[in-house]
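Undergrad: The opening position of the sequence shown corresponds to residue 1 in the UniProt record's numbering, with each subsequent residue numbered one higher. I'd like to ask you about the structure that follows.
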Amino acid sequence: MIEIGKFQISRVEEVVLDEDPSLLEQFDHDVLARHRDLLVPDFFNPERNCFRTMIHAWILRTPDKTIVIDTAGGDDKDRPLSPRFHMKKTGFDTRLAAAGVDPEDVDLVLLTHLHVDHVGWNTKLQDGAWVPMFPNAEYVATRTELEVRDPERGARDRPEASWGPYLDSVKPILDAGMMRIVEGDETLMPGIDFVPLPGHAPGMMGIRVRDDGKEAFFIADAMHQPIQIHYPGWSSKYCENRDLATETRANIFRHAADEGALLLPAHFCGPMCGYVRPTSDGYAFEPPAVHP
Ligand SMILES: [Zn+2]
Numbered sequence: 001m002i003e004i005g006k007f008q009i010s011r012v013e014e015v016v017l018d019e020d021p022s023l024l025e026q027f028d029h030d031v032l033a034r035h036r037d038l039l040v041p042d043f044f045n046p047e048r049n050c051f052r053t054m055i056h057a058w059i060l061r062t063p064d065k066t067i068v069i070d071t072a073g074g075d076d077k078d079r080p081l082s083p084r085f086h087m088k089k090t091g092f093d094t095r096l097a098a099a100g101v102d103p104e105d106v107d108l109v110l111l112t113h114l115h116v117d118h119v120g121w122n123t124k125l126q127d128g129a130w131v132p133m134f135p136n137a138e139y140v141a142t143r144t145e146l147e148v149r150d151p152e153r154g155a156r157d158r159p160e161a162s163w164g165p166y167l168d169s170v171k172p173i174l175d176a177g178m179m180r181i182v183e184g185d186e187t188l189m190p191g192i193d194f195v196p197l198p199g200h201a202p203g204m205m206g207i208r209v210r211d212d213g214k215e216a217f218f219i220a221d222a223m224h225q226p227i228q229i230h231y232p233g234w235s236s237k238y239c240e241n242r243d244l245a246t247e248t249r250a251n252i253f254r255h256a257a258d259e260g261a262l263l264l265p266a267h268f269c270g271p272m273c274g275y276v277r278p279t280s281d282g283y284a285f286e287p288p289a290v291h292p
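Right, here's the structure in full:
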């Protein structure tokens, strides 16, 4: 667990995945050789020639609220276009309970963006219907993300098979009246602010948590691997607008280096998070002393 003043940060793992090196198209064996100490073994598996990617949910506790940030891939979901998320039994719900999180006690579910690997546990299958996993929570998503994923609006021209995450994991929350729609630039409560991070997804928001002179910044998929700290211009193959993602990432690195903010991306293995330290020719990655 990591403490930022009165806030406590931990996480619940869903799965660790092999990720083909094509995740970052400029990555090659010269880069691996140059940055081997950073990458192996936490972030790259040389035997299988793949990046290691984790999917997990962050748990943020305030003195009186339990907040879940993003809800991983989910179980029992029909995902014909995403075999990695198709009809899974991940055991995430059991690990959530083991981490001391009773779904009934969760007050807020913050959705940084609405990609398949961030909304799955919004709902669970019960008697053939998708019902909210966190029955007493207010879910929060940005207006832009809700618009672009909605099959009746922004996703109309996308393949029908891609509508699953919206239809089984977002729409049931909207239908239940449990979704709070935000712009992604507001203050949630004292010490917790939303920050627009467009690029990877058009309406993606980060969550900045500050207290006692310390800052933790949940940056979702603004970066996927720490090697991007050395190459801020590298966007992942999953980024919807790579130029915008690059601009957003550069802003994040500058901010993190200036403020000493702890960055918490959505998919890091190993230490799961880290600092950006200025060097003579750019930035370097520094893992935290305590892992979440
Ligand atoms: Zn993601």
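Where is the CB? At the ideal position from N, CA and C, for every residue including glycine.
Go ahead and pull the three-state DSSP assignment for Tyr139.
TA: strand
Undergrad: So, helix, strand or coil for Ala250, using DSSP?
TA: helix
Undergrad: Under the three-state reduction of DSSP, which class applies to Lys65: helix, strand or coil?
TA: When secondary structure is reduced to three states using DSSP, Lys65 falls in the coil class, being assigned neither helix nor strand.
Undergrad: Looking at ligand 1, does it come within less than 7 angstroms of His118, judged from the CB to the closest heavy atom?
TA: Yes, ligand 1 has a heavy atom inside 7 angstroms of this Cβ.
Undergrad: For Leu81, collect the residues of the same chain with a Cβ closer than 6 angstroms to its Cβ; drop the 5 residues on either side in sequence, then sort them by chain order.
TA: Ala161, Ser162
Undergrad: Determine the extent of the alpha helix (DSSP H) in which Ser82 is found, giving its start and end residues.
TA: In this chain, Ser82 is not harboured by any alpha helix (DSSP H), its DSSP state being neither H nor E.
Undergrad: Hey, quick one: how far does the beta strand (DSSP E) through Thr94 stretch, first residue to last?
TA: Careful: Thr94 lies outside any beta strand (DSSP E), inside the alpha helix (DSSP H) at 92-98.
Undergrad: Out of curiosity, what's the CA-to-CA distance linking Pro103 and Met54?
TA: 22 angstroms
Undergrad: Just reading off the alpha helix (DSSP H) that Leu264 is part of, what are its end residues?
TA: No alpha helix (DSSP H) holds Leu264; the beta strand (DSSP E) holding it covers 262-265.
Undergrad: Would you check whether ligand 1 has a heavy atom nearer than 7 angstroms to the C-beta of Ala56?
TA: Note that residue 56 corresponds to His in the displayed sequence, not to Ala. His56 Cβ: outside cutoff for every heavy atom of ligand 1.
Undergrad: Is Ala257 closer than 8 angstroms to residue 353 when the C-beta atoms are compared?
TA: The chain is shown from 1 up to 292; residue 353 falls before or after that span and cannot be answered.
Undergrad: Need the endpoints of the alpha helix (DSSP H) that Ala216 sits in, please.
TA: Note, Ala216: premise wrong, no alpha helix (DSSP H); beta strand (DSSP E) at 214-220.
Undergrad: So does Ala266 have its beta carbon nearer than 7 angstroms to some heavy atom of ligand 1?
TA: yes
Undergrad: Within 10 angstroms of its Cβ, does Arg180 collect 16 or more other Cβ (buried), or is it exposed?
TA: exposed
Undergrad: Between the C-alpha atoms of Ile9 and Ile59, what's the straight-line distance to the nearest angstrom?
TA: 6 angstroms
Undergrad: State the DSSP-derived secondary structure class of Leu188, mapped to helix, strand or coil.
TA: strand
Undergrad: Among the residues of its own chain, which have a CB less than 7 angstroms from the CB of Lys237, if the five just before and after it don't count?
TA: Ser22, Leu23, Glu25
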